[in-house]
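Under UniProt numbering, the first residue of the sequence shown is numbered 1, with each subsequent residue one higher.
These notes are about the structure you will find just below.
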Amino acid sequence: MAPTCTSTTISLPTLTLSGARVALVAAEQRAHEIGVPMNIAIVDSSLHLLNFVRMEGAKLTSISIAMDKAFTAAGHRIPTSSYKENVWPGGVAFGLGTSNGGRFCTIGGGVPIVDEKGKVLGAVGCSTGTPSQDEDVASAGREAVNPTWI
Numbered sequence: 001m002a003p004t005c006t007s008t009t010i011s012l013p014t015l016t017l018s019g020a021r022v023a024l025v026a027a028e029q030r031a032h033e034i035g036v037p038m039n040i041a042i043v044d045s046s047l048h049l050l051n052f053v054r055m056e057g058a059k060l061t062s063i064s065i066a067m068d069k070a071f072t073a074a075g076h077r078i079p080t081s082s083y084k085e086n087v088w089p090g091g092v093a094f095g096l097g098t099s100n101g102g103r104f105c106t107i108g109g110g111v112p113i114v115d116e117k118g119k120v121l122g123a124v125g126c127s128t129g130t131p132s133q134d135e136d137v138a139s140a141g142r143e144a145v146n147p148t149w150i
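In structure tokens:
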């Protein structure tokens, strides 16, 4: 006998374009405050790009890195800085950066946006500064969406 199923679909919470705009403005403001022009990418819970800006002076080679940081943070549901020691040769996650068509980014600067129930709504990814500067700017974007959820 086939198993019974009450539903064949589910609804997942996700960041809206309005929410992405809020995150982008806050992240860009933080980048100005610390004096580091950034590439800033915002993705939704399906890992699709909602919003992006390359600030004047941000590194051209960091455009895809910012997008990949957001992709990784939303897809794996943790900040990209969490991989630090685990991805070095001999680490438990060595080689992880080659997954997902090479898009999996293990450099700090991607942070998930999470709702009050712990569901990932999307993520912010930033690149051009140091990993800690990138994460600082990305965190400002995340916190602007709803600081009570953090």
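For glycine and all other residues, C-beta sits at the position ideal for the given N, C-alpha and C.
When DSSP reads this structure, residue 54 sits in a beta bridge with 39.
With a cutoff of 8 Å on beta-carbon distance, residue 67 and residue 49 are scored as near each other.
For the pair residue 81 and residue 110, the Cα-to-Cα distance works out to about 7 Å.
Residue state for residue 12 is assigned as coil, using DSSP reduced to three classes.
Residue 10 and residue 42 have their C-alpha atoms spaced approximately 23 Å apart. A distance below 7 Å between beta-carbons, with the five flanking residues on each side excluded, links residue 54 to the following residues of its chain, in chain order: 39, 63. By DSSP's assignment, residue 126 forms a beta bridge with 40. The Cβ atoms of residue 45 and residue 13 lie closer than 8 Å to each other. With contacts defined as CB atoms closer than 8 Å, residue 101 and residue 135 fail to qualify as a contacting pair.
Pairing residue 70 with residue 132, the inter-Cα distance amounts to about 15 Å. DSSP places residue 47 in the coil class of the three-state scheme, outside both helix and strand. The Cβ neighbour count for residue 60, taken over all protein chains shown within 10 Å, is under 16; the residue is labelled exposed.
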